[in-house]
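There are 2 protein chains.
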Amino acid sequence: MSTAKTKGPGHILVVDDDREICTLIGKFLKKRDYRVTLVGNGHEMRRALGEWSIDLVILDLMLPGEDGLQLCRDLRARSTIPIIMLTVMSEETDRIIGLEMGADDYLAKPFNPRELLARIKAVLRRVKTNADATSQTRPRTLYFSGWRLEIGRRQFFSPNGLLVDLSGGEFDLLVVFAEHPQQVLTREQLLDLTHGRSQGAFDRSIDMQISRLRRKIEISHSAPELIMTVRGGGYSFTSNVSQHEPSDP
Amino acid sequence: MSTAKTKGPGHILVVDDDREICTLIGKFLKKRDYRVTLVGNGHEMRRALGEWSIDLVILDLMLPGEDGLQLCRDLRARSTIPIIMLTVMSEETDRIIGLEMGADDYLAKPFNPRELLARIKAVLRRVKTNADATSQTRPRTLYFSGWRLEIGRRQFFSPNGLLVDLSGGEFDLLVVFAEHPQQVLTREQLLDLTHGRSQGAFDRSIDMQISRLRRKIEISHSAPELIMTVRGGGYSFTSNVSQHEPSDP
DNA sequence: CCGCGACGGTTACACTATGTTACCAAAAAG
DNA sequence: CTTTTTGGTAACATAGTGTAACCGTCGCGG
Numbered sequence: 001m002s003t004a005k006t007k008g009p010g011h012i013l014v015v016d017d018d019r020e021i022c023t024l025i026g027k028f029l030k031k032r033d034y035r036v037t038l039v040g041n042g043h044e045m046r047r048a049l050g051e052w053s054i055d056l057v058i059l060d061l062m063l064p065g066e067d068g069l070q071l072c073r074d075l076r077a078r079s080t081i082p083i084i085m086l087t088v089m090s091e092e093t094d095r096i097i098g099l100e101m102g103a104d105d106y107l108a109k110p111f112n113p114r115e116l117l118a119r120i121k122a123v124l125r126r127v128k129t130n131a132d133a134t135s136q137t138r139p140r141t142l143y144f145s146g147w148r149l150e151i152g153r154r155q156f157f158s159p160n161g162l163l164v165d166l167s168g169g170e171f172d173l174l175v176v177f178a179e180h181p182q183q184v185l186t187r188e189q190l191l192d193l194t195h196g197r198s199q200g201a202f203d204r205s206i207d208m209q210i211s212r213l214r215r216k217i218e219i220s221h222s223a224p225e226l227i228m229t230v231r232g233g234g235y236s237f238t239s240n241v242s243q244h245e246p247s248d249p
Numbered sequence: 250m251s252t253a254k255t256k257g258p259g260h261i262l263v264v265d266d267d268r269e270i271c272t273l274i275g276k277f278l279k280k281r282d283y284r285v286t287l288v289g290n291g292h293e294m295r296r297a298l299g300e301w302s303i304d305l306v307i308l309d310l311m312l313p314g315e316d317g318l319q320l321c322r323d324l325r326a327r328s329t330i331p332i333i334m335l336t337v338m339s340e341e342t343d344r345i346i347g348l349e350m351g352a353d354d355y356l357a358k359p360f361n362p363r364e365l366l367a368r369i370k371a372v373l374r375r376v377k378t379n380a381d382a383t384s385q386t387r388p389r390t391l392y393f394s395g396w397r398l399e400i401g402r403r404q405f406f407s408p409n410g411l412l413v414d415l416s417g418g419e420f421d422l423l424v425v426f427a428e429h430p431q432q433v434l435t436r437e438q439l440l441d442l443t444h445g446r447s448q449g450a451f452d453r454s455i456d457m458q459i460s461r462l463r464r465k466i467e468i469s470h471s472a473p474e475l476i477m478t479v480r481g482g483g484y485s486f487t488s489n490v491s492q493h494e495p496s497d498p
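Protein chains in written order, with my numbering: chain S, 1 to 249; chain F, 250 to 498.
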């Protein structure tokens, strides 16, 4: 998997086993200031979706040993992320388009990059237009080590039930950690998942946020228990995160 | 202009000066239970749009004496109605520009009717998916954190049942928040949803409205609980909004 | 065991976004 | 037409966040 470090109008995940097409799309979109992540199969796709903040998926229908249609349905079943399918130009195309697999748009290979861009923009435009009314918000609350994190109302409570005063950025960071427990997150991932932005070489802003966050949630100042540093790797949230309130001990 | 009065999956407006193509499309779609209206130029198109409830427009880019691209752009500027363009096979540029102008798909002439049908279905399906979420009728009374917001009557009651005196703009803003709970709304969105206008770069009027609204509905003046600011993002209404009066505590 | 280099934690500071007060113009009320 | 209310702009106060710099610590090789 390769990830380009570009800020811009969105982060696009390209799922295609064809190196050449990947490179082509990647270069083209990067030039247009999109952030691009390239993967070659369904497994990598799922991983990338967990690791990055993806705005749109471009999915090849023909992946070796996999069913693109099924991938698309799975994806749609679990999220509302926009999908553009790449299909082979043939008579089959029409039938595929007719299938209700839930993609937002389709494009036959070989294609003109400008057309891809136009369709990307169109899909993102439609999504944006509908973003207002669409959002069905479930009250998501996460629990860990006695703490309670209410994501929807952006509030965080300590084990003794007191509201903890976190700044917006600190809260976002904590949410990302709680949603990715027990795995190492690089600074770049953290930056992407919190701000949707990519980092320059010497960006230490995440370190600062970590430091400030720790000051407010770590009991022991010298031995962090919730957010552990992984030297050379990033940070890892060590606690067990549950979606339900633990039974009182 | 000729209109076929058939009930069915949708009402399609075909804009093409070529009699033969019109007839072809018309017959084909009518056979599939679509309602079809055929017109030959931009003027008739606008009239038809005013007279009927059109679900989708099929627009020929090559109309005598008119610019199909311009028509497409005008259409898109005024509504979100789905558009499928008909283009000449050789003019790839036109197709792309069309997509950039806001068309939802295109089809090169000459085309296979089945292909047209597939694309019509695909486009309508996309729109329908979106529309479902959009078109729920909004309840006129909302409850949150003990407060009661009667949208129709434009009255707002505090937890102790007293009428709160809000100005018109403050009320509008509160309604927007209550209808989009637990999600971050940018200043631009707020301005658009309240006044239907877009903002200049340094517009702080929303900040003022927020400040004034907070003064009237926030208990703690220093730590807002209902309207939380998201630095760099906008504001978020944190409360759980219910359509029904909560059971008495 | 010591020293070096890289990495990460922290402090200080600059900058930017936001909150708020004061003031004024436009709109509504009378 | 006068009074009142509302909403917007300007200006200042304040909190949040990124950058730079300094230092401590960890790993590693000598």
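Just so you know, even glycine gets a beta-carbon here, dropped at the ideal spot from N, CA and C.
In this text, all values refer to a predicted model and were calculated from it rather than measured experimentally.
Residue closest to residue i, alpha-carbon to alpha-carbon, out of the options
{"i": "S/PRO246", "options": "S/SER167, S/PRO224, S/MET89, S/TRP147", "result": "S/TRP147"}
{"i": "F/ILE466", "options": "F/ARG268, F/LEU412, F/ALA367", "result": "F/LEU412"}
{"i": "F/ASP353", "options": "F/LEU366, F/HIS493, F/ALA371", "result": "F/ALA371"}
{"i": "S/GLN155", "options": "S/GLY168, S/ALA118, S/PHE144", "result": "S/GLY168"}
{"i": "S/MET45", "options": "S/CYS72, S/PHE111, S/ASP192, S/VAL175", "result": "S/CYS72"}
{"i": "F/GLN458", "options": "F/ILE468, F/SER469, F/PHE426, F/SER471", "result": "F/PHE426"}
{"i": "F/LEU475", "options": "F/GLY481, F/GLN448, F/SER407", "result": "F/SER407"}
{"i": "S/THR87", "options": "S/ASP33, S/MET62, S/ALA223, S/ARG212", "result": "S/MET62"}
{"i": "F/ILE468", "options": "F/LEU398, F/SER394, F/ASP323, F/ILE455", "result": "F/SER394"}
{"i": "S/TYR34", "options": "S/ASP207, S/LEU117, S/ARG76", "result": "S/LEU117"}
{"i": "F/PRO258", "options": "F/LEU415, F/ARG296, F/LYS280", "result": "F/LYS280"}
{"i": "F/GLU419", "options": "F/SER454, F/ARG389, F/GLY449", "result": "F/SER454"}
{"i": "S/ILE25", "options": "S/PRO113, S/ILE96, S/MET101, S/ARG214", "result": "S/PRO113"}
{"i": "F/GLN492", "options": "F/THR390, F/ASN409, F/GLU399, F/ARG446", "result": "F/THR390"}
{"i": "F/PRO359", "options": "F/ARG480, F/ASP309, F/THR478, F/ILE345", "result": "F/ASP309"}
{"i": "F/MET338", "options": "F/ILE270, F/LEU348, F/MET350, F/TYR355", "result": "F/TYR355"}
{"i": "F/ARG368", "options": "F/THR342, F/ILE333, F/ILE346, F/ILE400", "result": "F/ILE333"}
{"i": "S/LEU213", "options": "S/THR186, S/ASP203, S/ARG197, S/VAL175", "result": "S/VAL175"}
{"i": "F/LEU298", "options": "F/GLY483, F/ALA472, F/HIS260", "result": "F/HIS260"}
Residues bridged to residue i [DSSP beta-bridge criterion]
{"i": "S/PHE171", "result": "According to DSSP, which records beta bridges pairwise, S/PHE171 is partnered with nothing at all."}
{"i": "F/SER469", "result": "Beta-bridge pairing links F/SER469 to no other residue."}
{"i": "S/THR87", "result": "S/ALA108"}
{"i": "S/MET208", "result": "S/MET208 is not bridged to any residue."}
{"i": "F/GLU399", "result": "F/THR390, F/GLN404"}
{"i": "F/GLU315", "result": "F/LEU312"}
{"i": "S/VAL14", "result": "S/LEU38, S/ILE58"}
{"i": "S/THR253", "result": "Examination of residue 253 of chain S is not possible in this model, given that chain S is present from 1 through 249 alone."}
{"i": "F/LEU412", "result": "F/PHE406"}
{"i": "F/LEU434", "result": "F/TYR484"}
{"i": "F/VAL490", "result": "F/PHE393"}
Contact set between residue i and chain F, taken where Cβ atoms lie within less than 8 Å
{"i": "S/GLY169", "result": "ARG480"}
{"i": "S/GLY50", "result": "Within 8 Å Cβ-Cβ: nothing; S/GLY50 doesn't reach chain F, min ~22 Å."}
Chain S contact residues for residue i, given Cβ-Cβ distances below 7 Å
{"i": "F/LEU348", "result": "GLU115, ALA118, ARG119, ALA122"}
{"i": "F/GLU341", "result": "ASN112"}
{"i": "F/ILE466", "result": "Within 7 Å Cβ-Cβ: nothing; F/ILE466 doesn't reach chain S, min ~15 Å."}
Within chain F, the residues that residue i reaches when beta carbons sit closer than 7 Å
{"i": "S/ASP104", "result": "ARG375"}
Interface partners of residue i on chain F, CB under 9 Å
{"i": "S/GLY152", "result": "PRO430, GLN431, GLN432, SER485, THR487, ASN489"}
Where residue i meets chain S, residues with beta-carbon distance less than 8 Å
{"i": "F/ARG344", "result": "GLU115"}
Near the ligand ZN: residue i beta-carbon under 7 Å from a heavy atom
{"i": "S/LYS216", "result": "Annotation note on the ligand ZN: not contained in the displayed structure, which lists no ligands."}
Where the segment 476-498 of chain F meets chain S: residues whose CB sits under 8 Å from a CB there
MET477, THR478, VAL479, ARG480, GLY481, GLY482, SER485, THR487, SER488, ASN489
Could you tell me whether the segment 482-495 of chain F touches the segment 416-432 of chain F, where touching means 3 or more Cβ pairs closer than 8 Å?
Yes, since at least three Cβ pairs between the segment 482-495 of chain F and the segment 416-432 of chain F fall closer than 8 Å, the two stretches touch.
Kindly confirm or deny that the segment 317-334 of chain F and the segment 53-73 of chain S touch, where touching means at least three C-beta pairs closer than 8 Å.
No, they do not touch.
Against chain F, which members of the segment 154-168 of chain S pass a CB distance test of less than 9 Å?
ARG154, GLN155, LEU163, ASP165, SER167, GLY168
Residues in the segment 425-441 of chain F having any Cβ partner in chain S nearer than 8 Å
HIS429, PRO430, GLN431, GLN432, GLN438
With contact counted as at least three CB pairs below 8 Å, one residue from each stretch, are the segment 289-301 of chain F and the segment 264-272 of chain F in contact?
yes
Would the segment 294-307 of chain F and the segment 359-379 of chain F be scored as touching if the rule is three or more Cβ pairs under 8 Å?
yes
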